[in-house]
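*Asks:* Handing you this structure, nothing more for now.
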Amino acid sequence: MPLTRNGTLLYIQHPAPHSPLIPGVHTLYVEEDIDLEYAPLNGGVLIKTIAFSSDPYLRYRMRNPAEPSFCPVIPLKTPVDNTGVGKVLRSEDPKFKPGDYVMAYMDFQEYAIYPGLVMHAMKHIVKIQRTPGIPLKYYCGVLGTTGRTAYGGFKAFGLEKAKTSKTMFVSGAAGPVGTFVIEYAKHLFPHLKIIASAGSPAKLDLLRSLAVPVDVLINYKTDDTGKVLAEHGPIDIYWDNVSGPTLDAALANMAVDGLIIACGAISAASNNGTGSPVMNFEQIFQRDLTVRGFLLNYPPVVQALKTFYDETIPLLLDGKITVHEHPYTLDKAGEAIADLHLGKNIGKSLIIVSDEEQAEPHTVKL
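Note that the UniProt record's numbering has the sequence shown beginning at 1, numbered continuously upward.
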């Protein structure tokens, strides 16, 4: 069988702390060859990829191994890897057969062998039971880590608090986690006043297009976030995707006995995890605040996620959870990762490798 082109995104150089990722310097797209019939699988599976997720936390993985963090490094001169979806072409694993659709933590390649050369604790593969009306690429976003993060965090920590709350503030609100949290929370609790912040007119327009109304919009680059929060607060629940100055503004405007759900810190991620200063820490004890950080493997979140697909898929099909995507091609995957930290993406950053399933009809509201 002739060799087949296999586009690949490699990680080739550690970025300096406090420095952005530069495509072509820290990552490099190359085209190699693969023998689809005889490439060694070593007990794994060969996958024709359809799409990959581009996520902010990848910046934490692109670091010198001497720098500690919560997630494993990507070794130099190896492919970037993250959650993707695809179709099994060959298998030496009895749990999978050719033709199966899978969601897997796999290398950024047109044809990826799972588990690949580099194993780490985040590697996983599961079979996807296809649902009419649901494109496979959704398992890289709203039905993947993005949606699971929003759903699991809110259901585990925010659900009970929201029943008696008046106001919820979401930062990084135009990102895929933010939009999910807003739509899901407002669907369950229509009484909630939602305050949402983002960093551009286009992102505010995206928030205006959601399936539920956002009550107060903040452009954190041009508005005084603290002043707006003081006018429309106090805040009972703050969903924090960014940390830094926005967290400071929220801390100064929290209600007594308020809740902060710490989901992410994009202001620190672009600094290679070196942190983002917080000045109003004393408000945590002065206002009796609860702060809950989490990862997806935290037991309360794992428990909450047991109902994720059963609840989320009908909401998608009914248009109550909407999907907003910023697609890239595999040869632009380095830009997809870098753009996340420059605020250039609008919606879920998604790397489309194959258009195999794009012609399939679906009824999800876009």
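From the three backbone atoms N, C-alpha and C, an ideal C-beta is built for every residue, glycine too. If you're wondering where the values come from, they're calculated on a predicted model, not measured in any experiment.
Apart from the five residues on each side of it in sequence, which residues of its chain come closer than 6 Å, Cβ to Cβ, to V301?
*Replies:* G152, A156, F294.
*Asks:* In whole angstroms, what is the alpha-carbon distance linking L136 and F180?
*Replies:* 18 Å
*Asks:* With burial defined as no fewer than 16 other Cβ atoms inside 10 Å of the residue's Cβ, what is the status of N272: buried or exposed?
*Replies:* Here N272 scores only 45 on pLDDT, less than 50, and its place in the model should not be relied on; the value that follows carries that caveat. Burial call: buried.
*Asks:* Helix, strand or coil, according to DSSP, for Q303 in the structure here?
*Replies:* helix
*Asks:* By DSSP, does residue 371 sit in helix, in strand, or in coil?
*Replies:* A query on residue 371 cannot be resolved here, the shown segment of the chain reaching from 1 to 366 and no further.
*Asks:* Pick helix, strand or coil for F169, following the three-state DSSP scheme.
*Replies:* strand
*Asks:* Pick out the complete alpha helix (DSSP H) segments inside the region 194-252, 4 residues or longer, and give them in chain order.
*Replies:* 201-208, 225-232, 244-251
*Asks:* Going by C-alpha to C-alpha distance, which of Y138, I182, A51 sits closest to F154?
*Replies:* When only C-alpha atoms are compared, the closest one is I182.
*Asks:* Judging by CA-CA distance, which residue of Y114, H187, E160 is the nearest neighbour of L316?
*Replies:* Checking every option, the nearest Cα to that of L316 belongs to H187.
*Asks:* Report the three-state DSSP secondary structure of E183 (helix, strand or coil).
*Replies:* helix
*Asks:* Do A173 and A198 have their C-beta atoms closer together than 8 Å?
*Replies:* yes
*Asks:* Taking just the CA atoms, how far does P327 sit from E67?
*Replies:* Distance between the alpha carbons of E67 and P327: 31 Å.
*Asks:* Quick one: grab the DSSP three-state call for K127.
*Replies:* Residue state, collapsed to three classes: strand.
*Asks:* By Cβ distance below 8 Å, which residues in the same chain neighbour G334 in space, the five residues on each side in sequence not counted?
*Replies:* L9, L21, P23, G24, H26, T27, L28, Y29
*Asks:* Can you give the Cα-Cα distance for D215 and F169, rounded to whole angstroms?
*Replies:* C-alpha separation (whole angstroms): 10 Å.
*Asks:* Can the beta-carbon of L229 be found closer than 8 Å to that of A196?
*Replies:* no
*Asks:* Tell me which residues share the same chain as L289 and place their Cβ nearer than 8 Å to its Cβ, disregarding the 5 neighbours each side in the sequence.
*Replies:* Exclusion of the five residues before and after L289 leaves L251, M254, D257, G258, L259, I260, Q283 as the residues of its chain whose Cβ lies within less than 8 Å of its Cβ.
*Asks:* Which of the three DSSP states is assigned to I134 in this structure?
*Replies:* coil
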